[in-house]
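2 protein chains.
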Amino acid sequence: MQIDPNHLIILAAVVDEGGLTQGAAALGRSQPSLSRSLSALEARLGLPLFEKGRRPLIATELGAALAAQGRMIRAAAAEASMQAGLYAGGKTGAVRVAGTPVFMDAVIASMIAGFQQANPNVRIDQSYGYADTLIRDLQSGALDVALCPLPPDAVPEGLAFDEILQGRNVIACRIGHPLARKKTLRLSDIAPYPWIAPPTASPLYQDLKAILAEIEVDDFRVSFSGGSISAVRTVLEGSDSLTILPYSVLFMMRHHKSLTALDIRIRHAPRHLGILSAKSSSDRPVVRRFQRHLAHEFKSLARTITHQQQASVWGV
Amino acid sequence: MQIDPNHLIILAAVVDEGGLTQGAAALGRSQPSLSRSLSALEARLGLPLFEKGRRPLIATELGAALAAQGRMIRAAAAEASMQAGLYAGGKTGAVRVAGTPVFMDAVIASMIAGFQQANPNVRIDQSYGYADTLIRDLQSGALDVALCPLPPDAVPEGLAFDEILQGRNVIACRIGHPLARKKTLRLSDIAPYPWIAPPTASPLYQDLKAILAEIEVDDFRVSFSGGSISAVRTVLEGSDSLTILPYSVLFMMRHHKSLTALDIRIRHAPRHLGILSAKSSSDRPVVRRFQRHLAHEFKSLARTITHQQQASVWGV
DNA sequence: GCTCAATATAACTCAAGGTTATGCAAATTG
DNA sequence: CAATTTGCATAACCTTGAGTTATATTGAGC
């Protein structure tokens, strides 16, 4: 026996509202429409859903039992509507985001926290990776959003790149480091100190090699490598090691008052930190919202950095 | 946003079966039909339910979420179908049955037990009453089936009466009773013994009065009254009291070997025990089935009684 | 690049379900 | 008890959704 779910919804409405007229009003339809639908259901079942000859239309046992199912169906349909609404508003769904490890941990993690605070039903699937794998995953549809540095003219086919910060790197050390006090530093000054090396796959590693080549150090001493930002920070704080970090990463750690940057400008290929995403992935409202959130957060971060730098120029 | 439950069912089928073609097969419809229905749903939502450009038709997050609701709807509709089927087959529902207390307890209760054994999902609402209230409740629709004695020509308007047993009463006493051994009893022999009186509203009470009038006893001694069959039996077994009982009630208690009937025929108005029911209530399959069950049980009981009587005639 | 399999589209038909108008019967009321 | 009100059923009509078959289109795999 095949039963139309819509008929059960109508039945539930009529039973719950206490009559055809009220049920019709509740459903926004005409009374004859419901009357006929329920007649059709009764005919199909071959059994009465309502006591016949009773005016305030009282349900039979069967009618009451089927109305219960109708309520479930109505609830499920309403739930579906709500889900669709949430989804369309970017309030639910999953976002797959990845980026370079240090940057994700130091900068993006807190932005994700803010997003999840406002959108508790959104799932964030985070992972780590460098430009090449990020691009590949974006293009294959395995990733929604990636955060990484990229040269301005190297935006891959089918992807959008939204620049958010300058990709400037600095040499970081503990605040009490011998070099930290020096006003004028030459590159050769830093030669004696051991290095904390980024993973070799990291763009930072290339930058580090470039610096050391510039000061003509070939066999630099690596005191520590392979650690996350948390490990790197701990080691930096407890030693005179140096490392190379994106300025934004160092900036985010400014409140800890434990690390600082050497007053020396590093030259490297021009590039920007940016949000990389597949153009097609923006048709998912959550992803879109998440990207906008990141962009907004970065704009605000960039402002803060600018203020801070002006403040340090004008004193403090 | 209004969503058609049927669309969600289709969505669930396609997601679960892994494709439009398989989904169509599972639902017994054509593939283009589903294709268009889902397109309509997508259009209504303004959101894609399936990744576009993927051939084995893979659901998006939203599609998967809505499919879950579709599964619920499908389950509810299937449950409704099953309920309707059970109801039509008389396997579920409620039956309101009533009758005279002694008869219900001694005869009907075990028949109800048998019915419930075979139909665990049927609810039996039992109550007690005498002819007048039973008839009124049947006519008002407050009762489905009643069991009581009725004169053959007194079947009320709108009710059906199905005769099941002769409404013969007997005088009952304990097996060791002084009168139980006597072969030839006169009515006057029973005058000295005290009586257990049925409730005054009971037809048995009228019969008792008639008997006593026949033996010209006006102020008969009542040793006990107002008890259920269980109490009556206990008192009977422990004393030389007499009482009046339908023969069928006594017969049902034959295995206890504690009570017997005096060998004396009681005259009373002709009547039959029968199943009384509103003609309109038989449109409820459970009620119909329950009535048939009772009728069948009674037919078998009548056969047993006949055999037993023949056996007692031919010896034993 | 070709082939195969699966989905989308087209064109058409039919039935379900929407509407308004109206009839009819049960409840209510004086 | 008659009259009125109220609520459900029916009629007639129309729109829309959904079913069909035939066919175009497009990923996927070799």
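Protein chains in written order, with this note's numbering: chain G, 1 to 316; chain U, 1001 to 1316. For glycine and all other residues, C-beta sits at the position ideal for the given N, C-alpha and C. Computed from a prediction, not measured in an experiment: that's the story for all the values here.
{"Asked": "Length-filtered (3 minimum) beta strand (DSSP E) runs lying within the region 259–300 of chain G", "Found": "259–261, 272–278"}
{"Asked": "Where residue 17/G sits in the DSSP three-state scheme", "Found": "helix"}
{"Asked": "Every unbroken beta strand (DSSP E) within the region 1118–1154 of chain U, with a cutoff of 3 residues, ordered by chain", "Found": "1122–1128, 1145–1150"}
{"Asked": "Any chain U beta carbon closer than 7 angstroms to residue 93/G", "Found": "yes"}
{"Asked": "Length of the line joining the Cα atoms of residue 1107/U and residue 1217/U", "Found": "31 angstroms"}
{"Asked": "Contacts around residue 1179/U, its chain only, beta-carbon distance under 7 angstroms, and the 5 residues preceding and following it disregarded", "Found": "1173, 1185, 1189, 1190, 1262"}
{"Asked": "Bridge-paired residues (DSSP) for residue 1096/U", "Found": "1125/U"}
{"Asked": "Burial state of residue 1260/U (16 or more Cβ within 10 Å)", "Found": "buried"}
{"Asked": "Contact list for the region 71–85 of chain G against chain U, Cβ threshold 8 angstroms", "Found": "72, 73, 76, 77, 79, 80, 81, 83, 84, 85"}
{"Asked": "Test: residue 13/G CB closer than 7 angstroms to a CB of chain U", "Found": "no"}
{"Asked": "Test: residue 3/G CB closer than 7 angstroms to a CB of chain U", "Found": "yes"}
{"Asked": "Stretch-stretch touch, CB-based, cutoff 8 angstroms, three pairs: the region 114–123 of chain G with the region 280–295 of chain G", "Found": "yes"}
{"Asked": "Spatially closest choice to residue 119/G from 222/G, 146/G, 289/G, by CA coordinates", "Found": "289/G"}
{"Asked": "Cβ-Cβ distance between residue 10/G and residue 34/G below 7 angstroms", "Found": "yes"}
{"Asked": "Cβ neighbour criterion (16 or more within 10 Å) applied to residue 219/G", "Found": "exposed"}
{"Asked": "Unbroken alpha helix (DSSP H) run spanning residue 251/G, endpoints", "Found": "247–252"}
{"Asked": "Contact residues within the region 25–49 of chain G, judged by C-beta distance below 8 angstroms to chain U", "Found": "45, 46, 47, 48"}
{"Asked": "Run of the beta strand (DSSP E) containing residue 160/G, from where it starts to where it stops", "Found": "159–166"}
{"Asked": "Ordered list of alpha helix (DSSP H) runs contained in the region 50–121 of chain G, each at least 4 residues", "Found": "61–88, 109–118"}
{"Asked": "Rounded straight-line distance, which links the Cα of residue 252/G to that of residue 98/G", "Found": "19 angstroms"}
{"Asked": "C-beta neighbour in chain G for residue 1088/U, strict 7 angstroms", "Found": "yes"}
{"Asked": "Any chain U beta carbon closer than 7 angstroms to residue 315/G", "Found": "Since pLDDT at residue 315/G reaches only 41, below the 50 mark, its modelled position is unreliable, and the value read off the structure follows with that caveat. Not one chain U Cβ lies under 7 angstroms of residue 315/G."}
{"Asked": "Contact list for residue 8/G against chain U, beta-carbon separation under 8 angstroms", "Found": "1076, 1077, 1080"}
{"Asked": "Interface flag, residue 1157/U vs chain G, CB-CB below 7 angstroms", "Found": "no"}
{"Asked": "Collapsed DSSP secondary structure at residue 1242/U in the structure displayed", "Found": "strand"}
{"Asked": "Chain U contact for residue 335/G (CB, 7 angstroms cutoff)", "Found": "Nothing in the structure corresponds to residue 335/G, since chain G is present only between 1 and 316."}
{"Asked": "Residue-chain proximity (residue 143/G, chain U), Cβ-Cβ < 7 angstroms", "Found": "no"}
{"Asked": "Cβ neighbour criterion (16 or more within 10 Å) applied to residue 284/G", "Found": "buried"}
{"Asked": "Any 3 or more C-beta pairs closer than 8 angstroms across the region 1145–1162 of chain U and the region 1222–1242 of chain U", "Found": "no"}
{"Asked": "Residue 1164/U beta carbon less than 7 angstroms from that of residue 1273/U", "Found": "yes"}
{"Asked": "CB contact check: residue 16/G to chain U, cutoff 7 angstroms", "Found": "no"}
{"Asked": "Rounded separation between residue 269/G and residue 249/G - CA only", "Found": "19 angstroms"}
{"Asked": "Any chain U beta carbon closer than 7 angstroms to residue 69/G", "Found": "yes"}
{"Asked": "Residue nearest to residue 20/G in terms of C-alpha spacing, selected from 55/G, 40/G, 5/G", "Found": "55/G"}
{"Asked": "Inter-residue Cα distance where the pair is residue 1213/U and residue 1302/U", "Found": "31 angstroms"}
{"Asked": "Cβ separation of residue 1187/U and residue 1215/U, assumed to be a contact under 8 angstroms, to the nearest whole Å", "Found": "4 angstroms"}
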